[in-house]
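J.: Chains as they are written, first to last, in the working numbering: chain X, 1 to 331; chain L, 1001 to 1331; chain V, 2001 to 2331; chain P, 3001 to 3331. A virtual CB, placed ideally from N, CA and C, is assigned to each residue, including glycine.
Protein chains: 4
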Amino acid sequence: MDRTSIDWTGAMPAITTPFTASGAVDHDGLAANIRRLMAAGATGFVSAGCTGEFWSLTEKERSAIYKTSASTIGDKGAKIVGAAAITPAAVLEALHAAREAGCDAGLVMPPYFAHLTDREIIRHYELVAADAPLPIMLYNIPGNAGNALTPDIVDVLADLDPVVAIKESSGDWINFHKTLNIASDRIKVFCGPSSTIGVPAMLAGCDGLVDCFPNVWTGCIDMWSLFKDGQIETAWDYQARAQALTDLFVSGGRTLYPATKAAMDHLGYPGGGTPRAPLQPLEGTPLQELLQGLERILGRKSSRGLSRTTTLELEGSTTQWTSVSKDAPQS
Amino acid sequence: MDRTSIDWTGAMPAITTPFTASGAVDHDGLAANIRRLMAAGATGFVSAGCTGEFWSLTEKERSAIYKTSASTIGDKGAKIVGAAAITPAAVLEALHAAREAGCDAGLVMPPYFAHLTDREIIRHYELVAADAPLPIMLYNIPGNAGNALTPDIVDVLADLDPVVAIKESSGDWINFHKTLNIASDRIKVFCGPSSTIGVPAMLAGCDGLVDCFPNVWTGCIDMWSLFKDGQIETAWDYQARAQALTDLFVSGGRTLYPATKAAMDHLGYPGGGTPRAPLQPLEGTPLQELLQGLERILGRKSSRGLSRTTTLELEGSTTQWTSVSKDAPQS
Amino acid sequence: MDRTSIDWTGAMPAITTPFTASGAVDHDGLAANIRRLMAAGATGFVSAGCTGEFWSLTEKERSAIYKTSASTIGDKGAKIVGAAAITPAAVLEALHAAREAGCDAGLVMPPYFAHLTDREIIRHYELVAADAPLPIMLYNIPGNAGNALTPDIVDVLADLDPVVAIKESSGDWINFHKTLNIASDRIKVFCGPSSTIGVPAMLAGCDGLVDCFPNVWTGCIDMWSLFKDGQIETAWDYQARAQALTDLFVSGGRTLYPATKAAMDHLGYPGGGTPRAPLQPLEGTPLQELLQGLERILGRKSSRGLSRTTTLELEGSTTQWTSVSKDAPQS
Amino acid sequence: MDRTSIDWTGAMPAITTPFTASGAVDHDGLAANIRRLMAAGATGFVSAGCTGEFWSLTEKERSAIYKTSASTIGDKGAKIVGAAAITPAAVLEALHAAREAGCDAGLVMPPYFAHLTDREIIRHYELVAADAPLPIMLYNIPGNAGNALTPDIVDVLADLDPVVAIKESSGDWINFHKTLNIASDRIKVFCGPSSTIGVPAMLAGCDGLVDCFPNVWTGCIDMWSLFKDGQIETAWDYQARAQALTDLFVSGGRTLYPATKAAMDHLGYPGGGTPRAPLQPLEGTPLQELLQGLERILGRKSSRGLSRTTTLELEGSTTQWTSVSKDAPQS
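#1: Consult DSSP for Cys-3212 of chain P and reduce its assignment to one of helix, strand or coil.
#2: Can you list the residues of chain P that Ser-2069 of chain V reaches, using a CB-CB cut of under 8 Å?
#3: For Pro-214 of chain X, which option in X:Asp-207, X:Met-223 and X:Glu-295 has the closest C-alpha, if you only look at C-alpha atoms?
#4: Using a Cβ cut-off of 7 Å, pull out every chain X residue sitting near Leu-2127 of chain V, in sequence order please.
#5: Would you call Ser-2022 of chain V buried or exposed, if buried means 16 or more other Cβ atoms sit within 10 Å of its Cβ?
#6: Can you name the residues of chain L whose CB is closer than 9 Å to the CB of Gln-243 of chain X?
#7: What's the C-alpha gap between Leu-1279 of chain L and Gly-3205 of chain P?
#8: Tell me which same chain residues have a C-beta within less than 6 Å of the C-beta of Pro-338 of chain X, skipping the five on either side of it?
#9: Using DSSP bridges, identify the partner residues of Cys-1191 of chain L.
#10: Interface residues of chain V around Ala-3098 of chain P at Cβ under 8 Å?
#11: Report back the beta-carbon spacing between Gly-3049 of chain P and Gly-3082 of chain P to the nearest angstrom; my notes put them in contact at under 8 Å.
#12: Step through the CB atoms of chain X and report whether any lies within less than 9 Å of the CB of Arg-1308 of chain L.
#13: Would you tell me roughly how many angstroms separate the C-alpha atoms of Ile-999 of chain L and Asp-3118 of chain P, rounded to the nearest one?
#14: Interface residues of chain P around Trp-2236 of chain V at Cβ under 8 Å?
#15: To the nearest angstrom, report how far apart Thr-179 of chain X and Asp-2 of chain X are at their CA atoms.
#16: In the DSSP assignment, find the unbroken beta strand (DSSP E) run with Ala-3105 of chain P in it and report its ends.
#17: Please list, in chain order, the chain X residues whose beta carbon lies closer than 7 Å to that of Phe-2249 of chain V.
#18: Classify Thr-274 of chain X as helix, strand or coil using the three-state DSSP reduction.
#19: Can you list, in chain order, the residues of the region 3185-3202 of chain P whose Cβ is nearer than 7 Å to any Cβ on chain V?
#20: Output, in chain order, the set of chain P residues within a Cβ distance shorter than 7 Å of Pro-2151 of chain V.
#21: Could you list which residues in chain L have their beta carbon closer than 8 Å to that of Gly-3146 of chain P, in chain order?
#22: Beta carbon of Trp-1173 of chain L, beta carbon of Ile-197 of chain X: below 9 Å?
#23: Is Gln-292 of chain X close to chain L, meaning its C-beta is less than 9 Å from at least one C-beta of that chain?
#24: Secondary structure at Val-250 of chain X, three-state DSSP: helix, strand or coil?
#25: Determine the contact status of Asn-140 of chain X and Ser-1307 of chain L, defining contact as a CB-CB distance below 9 Å.
#26: Would you please verify whether the beta carbon of His-1266 of chain L is less than 9 Å from any beta carbon of chain P?
#27: When you compare only the Cα positions, how much space is there between Leu-3203 of chain P and Glu-3233 of chain P?
#28: Under the three-state reduction of DSSP, which class applies to Pro-329 of chain X: helix, strand or coil?
#29: Report yes or no: do the region 1184-1192 of chain L and the region 1231-1248 of chain L share at least 3 C-beta pairs separated by less than 8 Å?
#30: Once DSSP output is grouped into helix, strand and coil, what is the label at Lys-79 of chain X?
#31: From the DSSP secondary-structure annotation, give me the bridge partner or partners of Gly-1041 of chain L.
#32: Taking only three categories from DSSP, how would you classify Met-202 of chain X?
#33: What residue does the alpha helix (DSSP H) around Met-223 of chain X start on, and which one ends it?
#34: Less than 9 Å between the C-beta atoms of Ile-136 of chain X and Leu-149 of chain X, yes or no?
#35: Distance check for Ala-3158 of chain P and Ala-3183 of chain P, CA to CA, integer angstroms please.
#36: Assuming Asn-3147 of chain P contacts Pro-3110 of chain P under a Cβ cut-off of 8 Å, what Cβ separation, rounded to an integer in Å, is found between them?
This is the structure in structure tokens:
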């Protein structure tokens, strides 16, 4: 198998897992969110991934989510599911459940927590690939997983038979671009954070966008059609707006997923609600500032000025630079 | 003054300072390099900047370089000079020498070495701006200077009267893009490392490219005309090649400026030669691998496969990820 | 409960989980390793923690390990078990299993993988503490968990009733020392990496040492008695030797746990063997260099010269500094 | 020459350069500060170093400071001077001025700003050593200089004839300790930040303390005599207090040197006053909080509770861990 085995393209959101008041998985909300985003142009979905708080789900719950996703999406989009786990055996278990649920592929990150050598990371994927019942989308998310799928590692993994695509979510443009250059002859390359580097990724030839922000703002889906229609200037405007959303969601005592759910609730979208522990619902100042920020960012006609930090507090700040890469020349 | 006060655009190389065998500044080599790059399409130059090893020059030598640059460039390009120093008084001294030499503007980085607050960085530029005899191009190069011109700081500095442009050399795409979005209504924004992010920078609307790589490969000048001519696919191919050059120049016991001079020598270009201490000429394995890499990168017709690390040494490697930005979501 | 509720002190190794040739947990090897280390002076154990590859164990296997540890240790030492998990519910499940197995306490790290705010980390421990059936030893291991128990957070957690101790494994001396200063009035503070900062930690008044290196070298247990006997100079000599072991174990294509098991095998100790995937057994050059390094470090009478990197390769190296803490003065 | 060529020991403060209202060097204040600190037990001084804002001094001013220091100290202490520069020639110029002024030695950091290979750093010192008219104290301050003197580099430099000592100011305990272990057989090893790791450094056998904090609090001088008198518990108490001062001085919009001068002014000590641009005097909230912090830290009898962050703001904080060293095990 390779990139020609699949026809995935466009914006495929990573969707939240909503929970009911009693704490159970809210399958109705899940399905409603999928239908809303399909109507907005989504061409596929990743369910039970990071945005879906996979770490808080039992295996049974995860399988049920796989099934709800599959039946809701039907043949109208790619049915990809999060298959994150630390051991090859546990990844395979998730892939089998996904196949049984009628899904198309599994999103497989490298093992997290333990520090691994490049050789161990490759061996992990070899073990998974040998028995995988479904195509695999690689997943590079080093800021959480600790272990990275570097371009050199992806170059090796792209030759494994079930590997057909990658979601490159390092957030580092140069790493994304190297990965695209090295692997797009064999696998489809999707841009992780459409909200920060989606437009250059599309201009460089990526196959699509897979991330969390469409849950809150379908502008991150429109970005793809704007690009395809040649409305590049508007796409850049959307990029600036999405960047402002990103900065808002991960500052001021907020992290991405609780902020996403709080914003969905505020905007009246299905799929939000209370996250599961260890995540906690936003409240107090972080919540108030989120809502003000949403108003500021989504309620205006252009992105002009959005790059500014809301409250410029130069008085008390000391910005010490951490180089992107220790060997990178800045010249 | 503002961005309309100047007509700078295109590729304006930061040029080396060649030295003679006896260690003096080689003004003939300097002029020859300028003429060569003008013939290749350069629209301006930064002399006596980082690439020009400013830290090793006496004030007298620096002034002489300013003069040679100005007279060689004449009215055929922008005559910008490095004016790096730690105190406002020393920056102003350089700017006055530049004006006397007939140059157009000074490139001014924030003070280096000492850790500064944002307020101190802004105050530094206010003190310089108050007495500046020439327009100022801001210079963000935090990997060397330690202190960064963040987008929020640039937003303030863009309102200072003599400030007309910025060379954004953080190497971090998102920082570059935020700076472009926040300041390009008032000042011209030039992309520092054309070799790594030049194409997306041009596509996003930057005003030009200013960096070291044209000294070695005029493809980094051609990138601009390719872009202007709408040959975007070829421009991306050049980008991949320039990225491979970058990786080559700053790995395996090499750093940027000695590698640049060694490559210029090898390619028969004027402007190379021995760098001044503390930089040392390349020799031994680092030199041999540089020359082999040049052959591999510049001697082929397309960039296909160049993203691969030359020698894939996965056996002994452990890639630990350092997040680009601690708050960035990877989703 | 507080630090007076327990009498833990001294060197309490975090032990490996050995596996049989068929891949099952090797309970005999586990018990043999415990007995060997008790004979060497260990005053307690952490089983099924990081060193014990907790991430590769089923719940059933983990409970069985808890039981073997408890029955082997008996009343001759502290019976502490790893209770790592991402949700409070899963942590509590582990603690209940530990209580049932007759263990004394659970080692509880903050949730890993997802980025959490300080408030979410504290809330996690509050939820765990409210129902904990056993005393809790906090566990700060940010290099793996991603989320840190900063001194300020520990200051809050030290007031939760079941919290009686902390294993501070940041590896950063200043963070360790601040934690000791802020919390040792209420909870016992154990030094995580005895192999790198054990001696200053003992001199500063820590309650004991909990880490992986005693599995390979009981000198890390002797360190405690040397200190108690006032043989400080010898203790510093042991520290230098343990630092050299540390450097050896996490360089050259090696990571800590596979290197530990390979070294145990080489030295003829029980408890080694093949790690479980995703970890892979050392082989080839990384293994050969490990064995040579062991000979070099453990086979000599003093630590003199051990700080030197085995092969000084200054030719090809470029050491770029990453500041320990962005705000720390170096003066 | 080697460590036996000098008799330096104890606390040798790095002193400020005070300026008069008109901006000239205040030689009276400089001398008064030296006399005050000698009376408090200082056994030597570093003048015109980082604390002395070397980057803002003309060569003439620097030489004058050398002379004032030398004549004020006389034969009552070590007369060491900052000789920071980027080229070997400029370092030698400073060393010759120091010799002429009657000083004992020069403190020489590696070249800053430009990224250097280890080979270039060593070559720099070889060039300086070949013509040095005075003994050299190496200076490792990577957080400012960018280039580090790693233990392996120090191991080489310790064999250069004029090198007799090192001021290790990385702030990283493990780096300090490795440097001590590798080089103290040949050169004297002084601890840079006495305020954060002075006590473990003394316990591990360092030769003395050289840093900025004695300007503000002579407790950092007393630390040495407490240690020599065996009053270790009190020394640890002083350490905690000095750590709290450090945290205060480099947070909340403050950096080390302006905070030091503001604190000296507040406490009525000579040697403070207004720093030179690019540093700016503290004012507003950063100043007010500094004075409150000084009261809180120096106005109490013990260090109990000082490790707490003044204002615990867990609501809005997200602590993302940056590992001290990417390869360090945390176990």
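T.: Concretely, from the data shown:
#1: coil
#2: Simply none; closest approach about 18 Å.
#3: X:Met-223
#4: Ala-277
#5: exposed
#6: Ile-1174, His-1177, Lys-1178 and Asn-1181
#7: 36 Å
#8: An answer regarding residue 338 of chain X cannot be provided, because it is not within the stretch 1 to 331 covered by chain X.
#9: L:Glu-1168 and L:Leu-1209
#10: Simply none; closest approach about 20 Å.
#11: 3 Å
#12: yes
#13: As displayed, chain L neither begins before 1001 nor continues past 1331, which places residue 999 of chain L out of reach and without an answer.
#14: Ala-3204 and Gly-3205
#15: 16 Å
#16: 3105-3108
#17: The contacting residues do not exist; Phe-2249 of chain V stays about 11 Å from chain X at best.
#18: coil
#19: Gly-3192, Pro-3193, Thr-3196, Ile-3197 and Pro-3200
#20: Ser-3307
#21: Asn-1144 and Gly-1146
#22: yes
#23: no
#24: coil
#25: no
#26: no
#27: 12 Å
#28: Low confidence applies to Pro-329 of chain X: its pLDDT is 46, below 50, so where it sits in the model is not reliable enough to give any reading.
#29: no
#30: strand
#31: Gly-1041 of chain L is not bridged to any residue.
#32: helix
#33: 219-228
#34: no
#35: 6 Å
#36: 4 Å
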